[in-house]
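Everything on this sheet refers to the single structure shown next.
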(Lines of atoms letter the chains of each structure in order from A and count residues from 1; the text may use other names and numbers.)
(Lines give C-alpha, C1' and ligand atoms only; values in the text may rest on other atoms or scores of the structure.)
Protein backbone atom coordinates (compact mmCIF):
# COMPACT_ATOMS: atom_id res chain seq x y z
CA UNK A 1 0.00 0.00 0.00
CA UNK A 2 2.83 2.38 0.83
CA UNK A 3 4.40 1.91 -2.62
CA UNK A 4 1.06 2.52 -4.37
CA UNK A 5 0.47 5.63 -2.28
CA UNK A 6 3.93 6.95 -3.16
CA UNK A 7 3.29 6.41 -6.86
CA UNK A 8 -0.08 8.15 -6.68
CA UNK A 9 1.29 11.15 -4.81
CA UNK A 10 4.23 11.43 -7.21
CA UNK A 11 1.73 11.77 -10.07
CA UNK A 12 0.62 15.08 -8.57
CA UNK A 13 3.63 16.72 -10.24
CA UNK A 14 2.99 15.54 -13.79
CA UNK A 15 -0.74 16.09 -13.29
CA UNK A 16 -0.22 19.71 -12.25
CA UNK A 17 2.07 20.51 -15.19
CA UNK A 18 -0.05 18.63 -17.72
CA UNK A 19 -3.30 20.21 -16.55
CA UNK A 20 -1.69 23.65 -16.73
CA UNK A 21 -0.80 23.06 -20.38
CA UNK A 22 -4.23 21.66 -21.19
CA UNK A 23 -6.33 24.26 -19.37
CA UNK A 24 -4.37 27.34 -20.44
CA UNK A 25 -4.20 26.12 -24.05
CA UNK A 26 -7.92 25.42 -24.37
CA UNK A 27 -9.63 27.95 -22.08
CA UNK A 28 -9.47 31.57 -20.91
CA UNK A 29 -8.52 30.80 -17.33
CA UNK A 30 -8.51 34.36 -15.90
CA UNK A 31 -10.81 36.65 -17.86
CA UNK A 32 -9.71 39.81 -16.05
CA UNK A 33 -6.13 39.48 -17.36
CA UNK A 34 -4.63 39.26 -20.82
CA UNK A 35 -3.98 35.72 -22.06
CA UNK A 36 -0.23 36.00 -21.50
CA UNK A 37 -0.43 37.59 -18.05
CA UNK A 38 -3.04 35.05 -16.93
CA UNK A 39 -0.73 32.22 -17.93
CA UNK A 40 2.08 33.83 -15.96
CA UNK A 41 0.01 34.12 -12.78
CA UNK A 42 -1.29 30.55 -13.05
CA UNK A 43 2.22 29.31 -13.84
CA UNK A 44 3.56 30.88 -10.64
CA UNK A 45 0.71 29.31 -8.66
CA UNK A 46 1.49 25.87 -10.11
CA UNK A 47 5.23 26.28 -9.55
CA UNK A 48 4.64 27.40 -5.95
CA UNK A 49 2.41 24.41 -5.29
CA UNK A 50 4.93 21.95 -6.75
CA UNK A 51 7.86 23.34 -4.77
CA UNK A 52 5.90 23.43 -1.51
CA UNK A 53 4.72 19.88 -2.15
CA UNK A 54 8.28 18.73 -2.84
CA UNK A 55 9.55 20.29 0.37
CA UNK A 56 6.65 18.98 2.48
CA UNK A 57 6.60 15.37 1.24
CA UNK A 58 9.76 13.55 2.45
CA UNK A 59 10.00 10.87 -0.31
CA UNK A 60 9.89 13.50 -3.05
CA UNK A 61 12.22 15.80 -1.14
CA UNK A 62 14.80 13.03 -0.76
CA UNK A 63 14.45 12.00 -4.40
CA UNK A 64 14.89 15.62 -5.53
CA UNK A 65 18.04 16.01 -3.45
CA UNK A 66 19.31 12.79 -5.02
CA UNK A 67 18.72 14.24 -8.50
CA UNK A 68 20.54 17.46 -7.57
CA UNK A 69 23.46 15.40 -6.28
CA UNK A 70 23.96 14.05 -9.80
CA UNK A 71 25.51 17.37 -10.82
CA UNK A 72 29.27 17.14 -11.28
CA UNK A 73 31.65 19.49 -9.49
CA UNK A 74 32.23 21.40 -12.74
CA UNK A 75 28.50 21.81 -13.28
CA UNK A 76 27.95 22.99 -9.70
CA UNK A 77 30.71 25.58 -10.00
CA UNK A 78 29.35 26.84 -13.33
CA UNK A 79 25.84 27.17 -11.92
CA UNK A 80 27.07 28.95 -8.80
CA UNK A 81 29.10 31.46 -10.83
CA UNK A 82 26.23 31.92 -13.29
CA UNK A 83 23.64 32.79 -10.65
CA UNK A 84 26.03 34.94 -8.62
CA UNK A 85 26.75 37.03 -11.71
CA UNK A 86 23.03 37.34 -12.41
CA UNK A 87 22.33 38.59 -8.89
CA UNK A 88 25.24 41.06 -8.92
CA UNK A 89 24.24 42.33 -12.35
CA UNK A 90 20.69 42.86 -11.10
CA UNK A 91 21.53 44.60 -7.82
CA UNK A 92 23.52 47.37 -9.52
CA UNK A 93 20.39 48.56 -11.38
CA UNK A 94 18.21 51.45 -10.23
CA UNK A 95 15.12 49.22 -10.27
CA UNK A 96 16.37 45.64 -9.78
CA UNK A 97 13.08 43.85 -9.04
CA UNK A 98 12.31 42.55 -12.53
CA UNK A 99 15.96 41.64 -13.11
CA UNK A 100 15.99 39.61 -9.88
CA UNK A 101 12.75 37.92 -10.91
CA UNK A 102 14.39 36.99 -14.22
CA UNK A 103 17.39 35.47 -12.43
CA UNK A 104 15.31 33.65 -9.84
CA UNK A 105 13.04 32.21 -12.54
CA UNK A 106 16.07 30.54 -14.12
CA UNK A 107 16.93 29.07 -10.73
CA UNK A 108 13.37 27.88 -10.13
CA UNK A 109 13.25 26.18 -13.54
CA UNK A 110 16.43 24.28 -12.67
CA UNK A 111 14.97 23.08 -9.35
CA UNK A 112 11.67 22.12 -10.97
CA UNK A 113 13.46 19.96 -13.54
CA UNK A 114 15.03 18.05 -10.65
CA UNK A 115 11.62 17.70 -8.96
CA UNK A 116 10.03 16.34 -12.13
CA UNK A 117 12.88 13.85 -12.51
CA UNK A 118 12.40 12.82 -8.89
CA UNK A 119 8.65 12.37 -9.28
CA UNK A 120 9.24 10.19 -12.35
CA UNK A 121 11.65 8.01 -10.35
CA UNK A 122 8.89 7.49 -7.76
CA UNK A 123 5.91 7.06 -10.10
CA UNK A 124 7.60 4.95 -12.77
CA UNK A 125 5.85 4.21 -16.05
CA UNK A 126 2.57 5.67 -14.81
CA UNK A 127 4.25 9.08 -15.02
CA UNK A 128 4.95 8.43 -18.71
CA UNK A 129 1.35 7.50 -19.44
CA UNK A 130 -0.04 10.52 -17.63
CA UNK A 131 2.33 12.91 -19.36
CA UNK A 132 1.61 11.56 -22.83
CA UNK A 133 -2.17 11.42 -22.33
CA UNK A 134 -2.26 15.02 -21.06
CA UNK A 135 -0.14 16.27 -23.98
CA UNK A 136 -2.39 14.36 -26.39
CA UNK A 137 -5.48 15.91 -24.77
CA UNK A 138 -3.96 19.38 -25.15
CA UNK A 139 -3.16 18.73 -28.80
CA UNK A 140 -6.66 17.50 -29.64
CA UNK A 141 -8.33 20.37 -27.77
CA UNK A 142 -6.35 23.01 -29.66
CA UNK A 143 -6.74 21.27 -33.02
CA UNK A 144 -10.51 20.89 -32.53
CA UNK A 145 -10.87 24.60 -31.80
CA UNK A 146 -8.88 25.52 -34.90
CA UNK A 147 -10.96 23.26 -37.15
CA UNK A 148 -14.11 24.74 -35.59
CA UNK A 149 -12.80 28.16 -36.60
CA UNK A 150 -12.50 27.09 -40.23
CA UNK A 151 -16.02 25.61 -40.17
CA UNK A 152 -17.44 28.82 -38.69
CA UNK A 153 -15.65 30.83 -41.35
CA UNK A 154 -17.19 28.78 -44.14
CA UNK A 155 -20.64 29.10 -42.56
CA UNK A 156 -20.40 32.90 -42.38
CA UNK A 157 -18.39 33.46 -45.55
CA UNK A 158 -15.37 34.86 -43.68
CA UNK A 159 -11.91 33.39 -44.10
CA UNK A 160 -10.35 32.00 -40.92
CA UNK A 161 -6.64 32.76 -40.89
CA UNK A 162 -3.54 33.58 -38.86
CA UNK A 163 -5.10 36.70 -37.32
CA UNK A 164 -7.94 34.73 -35.71
CA UNK A 165 -6.07 31.52 -34.93
CA UNK A 166 -5.01 30.12 -31.56
CA UNK A 167 -6.96 32.64 -29.51
CA UNK A 168 -5.84 31.11 -26.21
CA UNK A 169 -2.31 32.26 -26.93
CA UNK A 170 -1.14 35.87 -26.97
CA UNK A 171 0.50 35.12 -30.33
CA UNK A 172 0.18 32.02 -32.58
CA UNK A 173 3.94 31.52 -32.35
CA UNK A 174 3.61 30.74 -28.65
CA UNK A 175 1.63 27.60 -29.46
CA UNK A 176 4.14 26.73 -32.17
CA UNK A 177 6.76 26.83 -29.39
CA UNK A 178 4.72 24.31 -27.42
CA UNK A 179 4.51 22.15 -30.53
CA UNK A 180 8.30 21.98 -30.64
CA UNK A 181 8.12 20.17 -27.30
CA UNK A 182 4.94 18.15 -27.86
CA UNK A 183 5.04 16.90 -31.47
CA UNK A 184 7.92 14.45 -30.90
CA UNK A 185 6.36 13.14 -27.67
CA UNK A 186 2.97 12.40 -29.25
CA UNK A 187 4.69 9.69 -31.32
CA UNK A 188 5.35 7.79 -28.07
CA UNK A 189 1.65 7.06 -27.55
CA UNK A 190 1.72 3.64 -29.32
CA UNK A 191 4.65 2.52 -27.15
CA UNK A 192 2.25 2.14 -24.23
CA UNK A 193 -0.60 0.54 -26.19
CA UNK A 194 1.28 -1.59 -28.77
CA UNK A 195 -1.58 -4.01 -29.39
CA UNK A 196 -4.25 -1.36 -29.96
CA UNK A 197 -4.55 -0.42 -33.64
CA UNK A 198 -6.86 2.49 -32.89
CA UNK A 199 -4.22 4.11 -30.70
CA UNK A 200 -1.86 4.09 -33.68
CA UNK A 201 -4.54 5.70 -35.84
CA UNK A 202 -5.20 8.34 -33.17
CA UNK A 203 -1.46 9.03 -32.94
CA UNK A 204 -1.10 9.53 -36.71
CA UNK A 205 -4.25 11.67 -36.84
CA UNK A 206 -3.16 13.95 -34.00
CA UNK A 207 0.30 14.35 -35.49
CA UNK A 208 -1.39 15.25 -38.78
CA UNK A 209 -3.46 17.92 -37.05
CA UNK A 210 -0.39 19.31 -35.31
CA UNK A 211 1.68 19.44 -38.49
CA UNK A 212 -1.30 21.07 -40.22
CA UNK A 213 -1.20 23.86 -37.63
CA UNK A 214 2.55 24.23 -38.11
CA UNK A 215 2.09 24.55 -41.89
CA UNK A 216 -0.89 26.89 -41.51
CA UNK A 217 1.09 29.22 -39.25
CA UNK A 218 4.26 28.97 -41.40
CA UNK A 219 6.17 28.22 -38.20
CA UNK A 220 9.67 28.11 -39.66
CA UNK A 221 11.45 27.94 -36.30
CA UNK A 222 9.37 24.94 -35.26
CA UNK A 223 9.96 23.17 -38.57
CA UNK A 224 13.71 23.79 -38.60
CA UNK A 225 14.11 22.72 -34.97
CA UNK A 226 11.97 19.59 -35.26
CA UNK A 227 13.39 18.37 -38.55
CA UNK A 228 16.98 18.95 -37.43
CA UNK A 229 16.42 17.15 -34.12
CA UNK A 230 14.58 14.25 -35.76
CA UNK A 231 17.27 13.71 -38.38
CA UNK A 232 19.98 13.83 -35.72
CA UNK A 233 18.30 11.33 -33.38
CA UNK A 234 17.40 9.04 -36.29
CA UNK A 235 21.10 8.89 -37.17
CA UNK A 236 22.37 8.81 -33.57
CA UNK A 237 19.95 6.08 -32.42
CA UNK A 238 19.11 4.22 -35.65
CA UNK A 239 17.83 1.08 -33.92
CA UNK A 240 14.90 2.99 -32.40
CA UNK A 241 13.74 5.18 -35.27
CA UNK A 242 11.28 2.47 -36.34
CA UNK A 243 9.21 3.33 -33.26
CA UNK A 244 8.54 6.96 -34.19
CA UNK A 245 9.68 7.95 -37.71
CA UNK A 246 6.72 6.31 -39.47
CA UNK A 247 4.24 8.21 -37.31
CA UNK A 248 5.97 11.52 -37.95
CA UNK A 249 6.05 10.88 -41.71
CA UNK A 250 2.36 9.94 -41.65
CA UNK A 251 1.69 13.06 -39.60
CA UNK A 252 3.47 15.35 -42.06
CA UNK A 253 1.64 13.79 -45.03
CA UNK A 254 -1.70 14.04 -43.21
CA UNK A 255 -0.95 17.66 -42.31
CA UNK A 256 -0.18 18.51 -45.94
CA UNK A 257 -3.39 16.78 -47.03
CA UNK A 258 -5.43 18.73 -44.46
CA UNK A 259 -3.83 22.00 -45.51
CA UNK A 260 -4.55 21.30 -49.18
CA UNK A 261 -8.15 20.41 -48.31
CA UNK A 262 -8.62 23.67 -46.41
CA UNK A 263 -7.24 25.63 -49.36
CA UNK A 264 -9.63 23.84 -51.69
CA UNK A 265 -12.65 24.40 -49.45
CA UNK A 266 -11.74 28.06 -48.93
CA UNK A 267 -11.66 28.58 -52.68
CA UNK A 268 -14.94 26.71 -53.08
CA UNK A 269 -16.90 28.30 -50.22
CA UNK A 270 -15.27 31.74 -49.93
CA UNK A 271 -14.92 33.35 -53.39
CA UNK A 272 -12.57 36.11 -52.19
CA UNK A 273 -10.02 33.48 -51.17
CA UNK A 274 -9.18 32.96 -54.85
CA UNK A 275 -8.60 35.23 -57.83
CA UNK A 276 -8.55 33.61 -61.24
CA UNK A 277 -8.07 30.18 -59.67
CA UNK A 278 -5.02 31.39 -57.73
CA UNK A 279 -4.97 31.43 -53.93
CA UNK A 280 -4.87 35.05 -52.73
CA UNK A 281 -6.75 34.85 -49.42
CA UNK A 282 -5.46 35.61 -45.93
CA UNK A 283 -5.09 31.94 -44.97
CA UNK A 284 -2.74 31.26 -47.88
CA UNK A 285 -0.84 34.55 -47.64
CA UNK A 286 -0.12 34.02 -43.92
CA UNK A 287 0.95 30.38 -44.37
CA UNK A 288 2.94 28.93 -47.26
CA UNK A 289 2.31 32.07 -49.30
CA UNK A 290 4.25 34.10 -46.77
CA UNK A 291 7.82 35.20 -47.67
CA UNK A 292 10.15 32.66 -46.08
CA UNK A 293 13.67 33.82 -46.96
CA UNK A 294 14.17 36.40 -44.21
CA UNK A 295 15.05 36.45 -40.52
CA UNK A 296 12.01 38.41 -39.25
CA UNK A 297 14.42 40.97 -37.83
CA UNK A 298 16.48 38.41 -35.91
CA UNK A 299 19.74 39.38 -37.59
CA UNK A 300 19.27 42.94 -36.29
CA UNK A 301 18.26 41.76 -32.81
CA UNK A 302 21.24 39.42 -32.61
CA UNK A 303 23.60 42.19 -33.72
CA UNK A 304 22.30 44.48 -30.98
CA UNK A 305 22.70 41.69 -28.42
CA UNK A 306 26.30 41.10 -29.48
CA UNK A 307 27.01 44.83 -29.27
CA UNK A 308 25.49 44.97 -25.77
CA UNK A 309 27.66 42.08 -24.65
CA UNK A 310 30.79 43.60 -26.17
CA UNK A 311 30.09 46.97 -24.55
CA UNK A 312 29.36 45.43 -21.13
CA UNK A 313 31.45 42.23 -21.02
CA UNK A 314 31.64 41.75 -17.25
CA UNK A 315 28.01 41.98 -16.11
CA UNK A 316 26.04 42.76 -19.27
CA UNK A 317 23.40 45.46 -19.48
CA UNK A 318 21.44 43.79 -16.69
CA UNK A 319 18.83 40.99 -16.77
CA UNK A 320 15.70 42.05 -18.74
CA UNK A 321 17.46 45.19 -20.07
CA UNK A 322 18.05 44.10 -23.64
CA UNK A 323 19.05 46.87 -26.10
CA UNK A 324 17.71 49.64 -23.88
CA UNK A 325 19.89 52.35 -25.42
CA UNK A 326 18.35 51.98 -28.89
CA UNK A 327 15.98 54.61 -30.22
CA UNK A 328 13.89 52.10 -32.14
CA UNK A 329 11.07 49.77 -31.19
CA UNK A 330 12.55 46.40 -30.26
CA UNK A 331 11.29 43.20 -28.62
CA UNK A 332 12.09 42.59 -24.95
CA UNK A 333 14.60 39.84 -25.77
CA UNK A 334 16.92 39.01 -28.69
CA UNK A 335 15.22 35.73 -29.71
CA UNK A 336 18.31 33.70 -28.81
CA UNK A 337 18.94 32.31 -25.33
CA UNK A 338 22.74 32.38 -25.37
CA UNK A 339 22.85 35.89 -26.87
CA UNK A 340 20.31 36.99 -24.28
CA UNK A 341 22.66 35.85 -21.51
CA UNK A 342 25.68 37.40 -23.25
CA UNK A 343 23.93 40.75 -23.69
CA UNK A 344 22.20 40.98 -20.31
CA UNK A 345 24.44 38.96 -17.96
CA UNK A 346 27.83 39.37 -19.65
CA UNK A 347 30.53 37.20 -21.21
CA UNK A 348 31.42 35.21 -18.08
CA UNK A 349 27.82 34.10 -17.53
CA UNK A 350 27.52 33.18 -21.21
CA UNK A 351 30.73 31.15 -20.91
CA UNK A 352 29.27 29.29 -17.90
CA UNK A 353 26.18 28.42 -19.96
CA UNK A 354 28.38 27.20 -22.81
CA UNK A 355 30.49 25.01 -20.51
CA UNK A 356 27.35 23.61 -18.87
CA UNK A 357 25.82 22.82 -22.25
CA UNK A 358 28.96 21.01 -23.42
CA UNK A 359 29.36 19.10 -20.15
CA UNK A 360 25.74 17.97 -19.91
CA UNK A 361 25.41 17.43 -23.66
CA UNK A 362 28.41 15.10 -23.93
CA UNK A 363 27.18 12.92 -21.06
CA UNK A 364 23.63 12.96 -22.42
CA UNK A 365 24.59 11.89 -25.94
CA UNK A 366 26.95 9.19 -24.70
CA UNK A 367 24.21 7.89 -22.45
CA UNK A 368 21.75 7.77 -25.34
CA UNK A 369 24.23 5.84 -27.45
CA UNK A 370 24.94 3.35 -24.68
CA UNK A 371 21.31 2.84 -23.80
CA UNK A 372 20.38 2.61 -27.45
CA UNK A 373 22.31 -0.64 -27.85
CA UNK A 374 20.20 -2.49 -25.30
CA UNK A 375 16.93 -4.26 -26.01
CA UNK A 376 14.44 -2.93 -23.48
CA UNK A 377 11.30 -0.83 -23.45
CA UNK A 378 13.02 2.34 -22.26
CA UNK A 379 15.33 3.35 -25.13
CA UNK A 380 12.58 4.15 -27.70
CA UNK A 381 10.99 6.58 -25.26
CA UNK A 382 14.41 8.06 -24.49
CA UNK A 383 14.99 8.60 -28.21
CA UNK A 384 11.63 10.34 -28.57
CA UNK A 385 12.16 12.57 -25.54
CA UNK A 386 15.70 13.36 -26.68
CA UNK A 387 14.22 14.58 -29.97
CA UNK A 388 11.87 16.87 -28.08
CA UNK A 389 14.63 18.24 -25.84
CA UNK A 390 17.08 18.85 -28.68
CA UNK A 391 14.37 20.50 -30.77
CA UNK A 392 13.55 22.76 -27.82
CA UNK A 393 17.20 23.72 -27.36
CA UNK A 394 17.54 24.53 -31.06
CA UNK A 395 14.32 26.55 -31.06
CA UNK A 396 15.55 28.52 -28.03
CA UNK A 397 18.31 29.81 -30.33
CA UNK A 398 15.64 31.26 -32.62
CA UNK A 399 12.93 32.56 -30.28
CA UNK A 400 11.91 33.27 -26.70
CA UNK A 401 11.22 29.63 -25.94
CA UNK A 402 12.72 29.90 -22.43
CA UNK A 403 10.74 33.08 -21.66
CA UNK A 404 7.08 32.31 -22.41
CA UNK A 405 5.21 30.81 -19.42
CA UNK A 406 3.61 27.82 -21.17
CA UNK A 407 6.88 26.94 -22.89
CA UNK A 408 8.71 27.16 -19.55
CA UNK A 409 6.24 24.63 -18.13
CA UNK A 410 6.86 22.34 -21.11
CA UNK A 411 10.61 22.75 -20.60
CA UNK A 412 10.29 21.66 -16.97
CA UNK A 413 8.16 18.64 -17.91
CA UNK A 414 10.30 17.42 -20.82
CA UNK A 415 13.62 18.31 -19.19
CA UNK A 416 12.83 16.50 -15.95
CA UNK A 417 11.40 13.55 -17.83
CA UNK A 418 14.59 13.19 -19.88
CA UNK A 419 16.80 13.48 -16.79
CA UNK A 420 14.85 10.74 -15.02
CA UNK A 421 15.30 8.33 -17.93
CA UNK A 422 19.00 9.05 -18.30
CA UNK A 423 21.20 6.47 -16.66
CA UNK A 424 22.88 7.77 -13.55
CA UNK A 425 26.55 8.57 -13.96
CA UNK A 426 29.31 7.61 -11.55
CA UNK A 427 28.10 8.47 -8.01
CA UNK A 428 29.08 11.99 -7.00
CA UNK A 429 30.07 13.30 -3.64
CA UNK A 430 26.82 13.53 -1.75
CA UNK A 431 26.10 16.92 -0.22
CA UNK A 432 22.70 16.37 1.34
CA UNK A 433 22.60 19.49 3.50
CA UNK A 434 23.73 21.83 0.72
CA UNK A 435 21.21 20.37 -1.73
CA UNK A 436 18.43 20.76 0.83
CA UNK A 437 19.37 24.44 1.07
CA UNK A 438 19.30 24.66 -2.74
CA UNK A 439 15.80 23.17 -2.77
CA UNK A 440 14.50 25.41 0.02
CA UNK A 441 15.98 28.46 -1.73
CA UNK A 442 14.01 27.58 -4.86
CA UNK A 443 10.83 27.45 -2.78
CA UNK A 444 11.52 30.87 -1.27
CA UNK A 445 12.28 32.31 -4.71
CA UNK A 446 9.06 31.10 -6.30
CA UNK A 447 7.00 32.35 -3.35
CA UNK A 448 8.73 35.73 -3.64
CA UNK A 449 8.02 35.78 -7.38
CA UNK A 450 4.35 35.00 -6.79
CA UNK A 451 4.01 37.69 -4.13
CA UNK A 452 5.76 40.21 -6.36
CA UNK A 453 3.59 39.35 -9.37
CA UNK A 454 0.32 39.66 -7.46
CA UNK A 455 1.26 42.99 -5.88
CA UNK A 456 2.59 44.26 -9.21
CA UNK A 457 -0.73 43.65 -10.97
CA UNK A 458 -2.12 46.80 -9.35
CA UNK A 459 0.61 48.98 -10.83
CA UNK A 460 0.95 47.17 -14.15
CA UNK A 461 -1.24 49.56 -16.21
CA UNK A 462 1.04 52.45 -15.25
CA UNK A 463 4.23 50.41 -15.55
CA UNK A 464 3.39 49.34 -19.08
CA UNK A 465 1.80 52.56 -20.32
CA UNK A 466 4.68 52.80 -22.81
CA UNK A 467 2.94 50.09 -24.86
CA UNK A 468 0.37 52.60 -26.14
CA UNK A 469 3.14 54.06 -28.31
CA UNK A 470 4.62 50.71 -29.34
CA UNK A 471 1.50 49.22 -30.88
CA UNK A 472 2.54 45.57 -30.43
CA UNK A 473 3.24 43.51 -27.34
CA UNK A 474 6.83 42.87 -26.25
CA UNK A 475 6.52 39.84 -23.93
CA UNK A 476 9.00 39.04 -21.20
CA UNK A 477 7.74 38.48 -17.66
CA UNK A 478 4.47 40.20 -18.60
CA UNK A 479 2.86 40.55 -22.00
CA UNK A 480 4.17 44.12 -22.20
CA UNK A 481 7.59 43.26 -20.90
CA UNK A 482 10.12 45.77 -22.17
CA UNK A 483 11.28 46.64 -18.66
CA UNK A 484 13.54 49.55 -19.61
CA UNK A 485 10.43 51.36 -20.88
CA UNK A 486 8.48 50.85 -17.65
CA UNK A 487 7.11 53.90 -15.85
CA UNK A 488 8.09 54.20 -12.20
CA UNK A 489 5.69 56.94 -11.17
CA UNK A 490 6.23 58.77 -7.86
CA UNK A 491 2.72 57.68 -6.90
CA UNK A 492 3.74 54.05 -7.26
CA UNK A 493 6.22 52.53 -4.84
CA UNK A 494 9.37 51.57 -6.72
CA UNK A 495 10.71 48.11 -6.10
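In my numbering, the protein residues as written are 155 to 649.
Glycine residues also receive a C-beta, built at the ideal position from the N, C-alpha and C atoms.
inquiry  = Pop quiz: residue 486 and residue 462 are said to be a contact at Cβ under 8 Å. What is the actual Cβ separation, rounded to whole angstroms?
reply    = Beta-carbon to beta-carbon, residue 486 and residue 462 are separated by about 13 Å, too far to satisfy the 8 Å threshold.
ask   = Taking the DSSP output, what are the residues bridged to residue 628?
value = 634
Helix, strand or coil at residue 160 according to DSSP, with G and I counted as helix = helix
message = Using C-beta distances below 6 Å, list every residue in its chain close to residue 531, excluding the 5 sequence neighbours before and after it, in chain order.
response = Confidence at residue 531 is low in this model, with a pLDDT of 48, below 50, so the placement of that residue is unreliable and no value is reported for it.
message = If I measure Cβ to Cβ from residue 520 and keep anything under 6 Å in the same chain, skipping five residues before and after, which residues do I get?
response = none
ask   = residue 164: which of 335, 291, 182, 210 sits nearest, CA to CA?
value = 210
message = Contact between the segment 437-444 and the segment 312-321 is defined here as three or more beta-carbon pairs at a separation below 8 Å; is this criterion met?
response = Contact holds: three or more Cβ-Cβ distances are below 8 Å.
C-alpha distance - residue 594 paired with residue 227, whole-angstrom precision = 20 Å
query = Residue ranges of each alpha helix (DSSP H) run of no fewer than 4 residues wholly in the segment 447-501, ordered along the chain?
reply = Listed in chain order, they are 452-465, 491-498.
inquiry  = Which residue marks the beginning of the alpha helix (DSSP H) containing residue 599, and which one marks its end?
reply    = 586-610
ask   = For the alpha helix (DSSP H) that residue 181 lies in, which residues bound it at each end?
value = That residue, residue 181, is in no alpha helix (DSSP H); it is neither H nor E in DSSP.
ask   = So what's residue 260 in DSSP terms, helix, strand or just coil?
value = helix
inquiry  = Is the separation between the beta-carbon of residue 444 and that of residue 276 shorter than 9 Å?
reply    = no
ask   = Out of 466, 572, 469, which has the shortest C-alpha to C-alpha gap to residue 514?
value = Comparing C-alpha distances from residue 514 to each of 466, 572, 469 shows the shortest one belongs to 572.
Selection from 270, 219, 496, 466 that minimises the alpha carbon distance to residue 563 = 270
inquiry  = Quick check: the Cα distance between residue 597 and residue 199, rounded to an integer number of angstroms?
reply    = 12 Å
message = Given this structure, state the Cα-to-Cα distance separating residue 392 from residue 541, to the nearest angstrom.
response = 13 Å
Where residue 469 falls, given that 16 or more other Cβ within 10 Å makes a residue buried = Residue 469 comes out buried.
Contacts around residue 346, its chain only, beta-carbon distance under 6 Å, and the 5 residues preceding and following it disregarded = 283
ask   = For residue 390, which three-state DSSP category applies?
value = helix
query = Using 8 Å as the Cβ pair cut-off and three pairs as the minimum, do the segment 551-570 and the segment 329-339 touch?
reply = The segment 551-570 vs the segment 329-339: in contact.
query = Just checking my contact of residue 366 with residue 412 at CB under 8 Å: how many whole Å lie between their CB atoms?
reply = Confirmed, about 4 Å.
request  = Could you check how far apart the C-beta atoms of residue 330 and residue 376 are, in whole angstroms? I think they sit under 8 Å.
outcome  = 5 Å
query = In whole angstroms, what separates the C-alpha of residue 537 from that of residue 220?
reply = Cα to Cα, the separation comes out at about 24 Å.
inquiry  = Quick check: what's the CA-CA separation for residue 398 versus residue 621?
reply    = 44 Å
query = Buried or exposed: residue 557, going by 16 or more other Cβ atoms within 10 Å of its Cβ?
reply = buried
Which listed residue (385, 637, 309) has its alpha carbon closest to that of residue 475 = Ranked by Cα distance from residue 475, the first of 385, 637, 309 is 637.
Euclidean distance between Cα positions of residue 489 and residue 452 = 7 Å
request  = With DSSP as the reference, label residue 207 as helix, strand or coil.
outcome  = Helix at residue 207.
message = Please classify residue 591 as buried or exposed, where buried requires at least 16 other C-beta atoms within 10 Å of its C-beta.
response = Burial call: exposed.
ask   = Between the C-alpha atoms of residue 403 and residue 605, what's the straight-line distance to the nearest angstrom?
value = Rounded to whole angstroms, residue 403 to residue 605 spans 46 Å at the Cα level.
message = For residue 172 and residue 285, which I take to be in contact (beta-carbon distance under 8 Å), what is that distance rounded to the nearest angstrom?
response = Confirmed, about 6 Å.
request  = Assign residue 471 to one of two classes, buried (16 or more other C-beta atoms within 10 Å of its C-beta) or exposed (fewer than that).
outcome  = buried
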